[in-house]
Structure formats: structure tokens, C-alpha cells
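Protein chains in written order, with my numbering: chain Y, 64 to 177; chain E, 5 to 167.
Each residue gets a CB set at the ideal place from its N, CA and C atoms; glycine is no exception.
Being a predicted model, the structure only gives us computed values, none of them experimental.
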């Protein structure tokens with residue numbers, strides 16, 4: 064049972080780790096984490112990869128909920144949202160556990176003699 | 005695709021479809037295992053009022069639920085398609101009597117039945133979590149931190165190594 068739950072959790076976080084499993088993306092996360100929200104131009108400054116590549120990686124992080132962007136004038140500002148992701152996923156896992164408990168009660172109810 | 009918006013549960017119940025249908029679509033039977041007393045029968049479009057009373061099928065759970073006993077519980081019936089589908093909208097985890105959840109977005113819960121050789125397949129989905137205010141999710145987070153914080157720490161460690 065415990066290992067099923069553990070593997071279910073792993074399956075849940077796998078996309079996050081997959082998104083993190085790239086040197087460029089990890090560097091982007093490290094910079095957004097230490098320097099705060101910033102534009103792609105600033106992120107591209109001093110980087111070894113192109114603006115286009117950076118945009119692509121940021122989109123990947125956005126896809127798993129780890130980053131988000133907003134428009135500020137002509138620029139797009141990117142920031143981390145790791146906290147929101149943790150909260151959202153934990154919340155869902157808790158609700159999911161509650162459903163498991165509810166289902167057990169329903170099972171006991173319908174599988175017993177009437 | 006990684007989703008924070010929905011939950012899906014699919015399982016086989018070793019009981020005839022008629023039996024399962026009654027258990028989910030009859031408000032009294034629903035109340036018996038779920039642990040809530042409703043003000044009337046389920047009718048499509050109806051707004052149901054209930055009170056949490058504790059389940060009658062599991063004494064241990066009933067004891068835990070007693071801490072929430074009497075908490076008002078509302079849901080609106082969405083669709084009733086006999087023997088096949090029952091759905092409703094509610095406020096998930098709305099257990100704090102001091103909070104008025106009525107103006108907040110709801111999630112949609114759907115029970116679907118399918119006859120199988122060895123019983124009845126029940127698929128439960130709950131969707132719309134992305135619309136639930138972050139403050140509500142944060143409360144749930146604070147209430148039971150054990151499970152996910154472990155994963156959060158792993159992510160932090162991973163980030164620390166990369167920095």
C-alpha cells in the first residue's frame with residue numbers, strides 16, 4: 064500500500080522533475096530565485112543560449128506551473144511560482160485522500176447485505 | 005499532462021449497478037455512507053442543504069467526523085441520468101463554519117456507473133480546483149502538511165544543488 068502511494072506521488076511530481084532535469088532550466092530557476100522577477104532580455108544577458116531558447120525553457124517551466132509571466136510595457140516579466148505549485152498539488156492530494164476514504168465507506172455500504 | 009485542476013478515481017464495486025445507483029442517487033442512502041443528513045430527495049437543479057452527522061458505516065471515521073458535526077453542507081444537483089450518471093457542485097473542503105463559502109467558485113463532482121462482469125465500475129471525478137481561491141488551498145495545506153512538504157523539500161534540495 065505504502066509503495067503504491069509513494070509511486071503515485073512520484074508519478075505526480077515526475078513532470079516537475081522532468082522540467083527541472085535540464086541545465087539551462089535549472090540556471091533560469093536559480094537566477095529567478097536569487098534575483099527575482101525579470102525580463103527575458105535580462106535573463107539572456109550573459110547566457111550562453113539564445114533568447115528563443117530561453118523563451119522555450121521558460122514556457123516549459125510555465126507548463127508545469129513553476130514559472131509565470133506578465134506583460135510590463137513592451138517587456139514580458141518572468142517569475143517563479145514554486146510555492147503556488149506546492150500548495151496546489153498538496154491540496155489536491157489531500158482532497159484525493161479524502162475521496163479514498165469516502166470511497167471506502169461507499170464500498171462498505173454497497174458490498175454489505177441490504 | 006500534469007493537472008492541478010481535477011481528480012479522478014476509478015474502481016470496481018462488487019455490487020449490482022442498481023444497488024450502487026441507489027446508494028449514490030438516493031439522498032438518504034448517500035447520507036448514510038457519506039455522513040450527512042439532507043433536507044430532501046435529490047432532484048436535478050435542486051439546491052440541497054444538509055448537516056454533517058457522521059457516517060454510519062465506519063465507527064472510526066464517524067468519531068473523526070464528530071468534530072465537524074452540525075456543519076452546514078450545501079450542494080446543487082447538476083445532472084441525474086438514471087443508472088449512469090449523477091453530478092453535483094459543491095464547495096470542496098468547506099468545513100470552517102466561520103467562513104461563508106457561498107460566493108466562492110464550486111467544483112463539479114461526477115459519479116459515473118458502468119456495468120462490468122464482476123460488478124460495477126464507478127468513476128468519480130472532481131474538477132474546477134484551479135478556480136478555488138488560493139487562500140482556501142493554503143488553509144488545507146496548513147492543516148495537513150506531512151505528505152507534500154516532503155516533496156517540497158526534495159524540490160528545494162534539487163534547486164539548492166543547482167544554484
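Within 10 angstroms of its Cβ, does residue i collect 16 or more other Cβ (buried), or is it exposed?
i	result
residue 130(E)	buried
residue 53(E)	exposed
residue 113(Y)	exposed
residue 39(E)	buried
residue 138(E)	exposed
residue 115(Y)	exposed
residue 128(Y)	buried
residue 19(E)	buried
residue 103(E)	exposed
residue 156(Y)	buried
residue 140(E)	buried
Can you name, in chain order, every residue of its own chain whose Cβ lies under 7 Å from the Cβ of residue i, other than the five neighbours on each side?
i	result
residue 79(E)	52, 92, 93, 94
residue 21(E)	87, 117, 119, 124
residue 134(E)	8, 9
What does residue i reach in chain E if we use C-beta pairs closer than 7 Å?
i	result
residue 165(Y)	38
residue 132(Y)	Within chain E, no residue comes near residue 132(Y); the closest Cβ sits about 17 Å away, beyond 7 Å.
How many Å lie between residue i and residue j at the Cα?
i	j	result
residue 64(Y)	residue 159(Y)	Note on residue 64(Y): pLDDT 40, under 50, position unreliable in the model; the coordinate value appears next. Rounded to whole angstroms, residue 64(Y) to residue 159(Y) spans 15 Å at the Cα level.
residue 141(Y)	residue 132(Y)	4 Å
residue 120(E)	residue 153(Y)	33 Å
residue 167(Y)	residue 124(E)	15 Å
residue 148(E)	residue 162(Y)	Because the pLDDT of residue 148(E) is 39, which lies under 50, any placement of that residue in the model is unreliable, and the number read from its coordinates should be weighed accordingly. Each residue's alpha carbon lies about 15 Å from the other.
residue 119(Y)	residue 96(Y)	18 Å
residue 144(Y)	residue 130(Y)	5 Å
residue 34(E)	residue 105(Y)	57 Å
residue 28(E)	residue 114(E)	11 Å
residue 70(E)	residue 60(E)	12 Å
residue 110(Y)	residue 138(Y)	18 Å
residue 109(E)	residue 136(E)	6 Å
residue 103(Y)	residue 99(E)	43 Å
residue 58(E)	residue 77(E)	13 Å
residue 101(Y)	residue 10(E)	31 Å
residue 134(Y)	residue 165(Y)	44 Å
residue 85(Y)	residue 105(E)	42 Å
Confirm, please, whether the CB-CB distance from residue j to residue i is below 7 Å.
i	j	result
residue 72(E)	residue 56(E)	yes
residue 96(E)	residue 75(E)	no
residue 47(E)	residue 173(Y)	no
residue 170(Y)	residue 17(E)	yes
residue 107(Y)	residue 117(Y)	yes
By the criterion of Cβ-Cβ separation under 9 Å, what are the contact partners of residue i in chain Y?
i	result
residue 55(E)	Result: empty, since nearest Cβ-Cβ is about 17 Å, beyond 9 Å.
residue 24(E)	169, 173
For residue i, I'd like the list of residues in its chain whose CB is within less than 6 Å of its CB, leaving aside the five on either flank, ordered along the chain.
i	result
residue 132(E)	111, 112
residue 12(E)	129
residue 127(E)	14, 116
residue 36(E)	60
So which residues on chain E does residue i lean against when the C-beta distance must stay under 9 Å?
i	result
residue 117(Y)	Those within 9 Å of residue 117(Y) in chain E number zero; the least Cβ separation is about 16 Å.
Determine the chain Y residues that contact residue i at a beta-carbon separation under 8 Å, and present them in chain order.
i	result
residue 13(E)	159, 162, 163, 166
residue 59(E)	168
residue 27(E)	169, 172, 173
residue 63(E)	Within chain Y, no residue comes near residue 63(E); the closest Cβ sits about 11 Å away, beyond 8 Å.
residue 128(E)	162, 166
At a CB-CB cut-off below 8 Å, which residues of chain E make contact with residue i?
i	result
residue 5(Y)	A question about residue 5(Y) goes unanswered here, because the residues of chain Y that appear run from 64 up to 177.
Interface residues of chain Y around residue i at Cβ under 7 Å?
i	result
residue 17(E)	170, 173, 174
Once you ignore the five residues that flank residue i on each side, which residues in its own chain have a CB closer than 8 Å to its CB?
i	result
residue 2(E)	Given a span of 5 to 167 for chain E in the structure shown, any question on residue 2(E) remains unanswerable.
residue 193(E)	The structure shown does not extend to residue 193(E), since chain E is modelled only from 5 to 167, so the question has no answer here.
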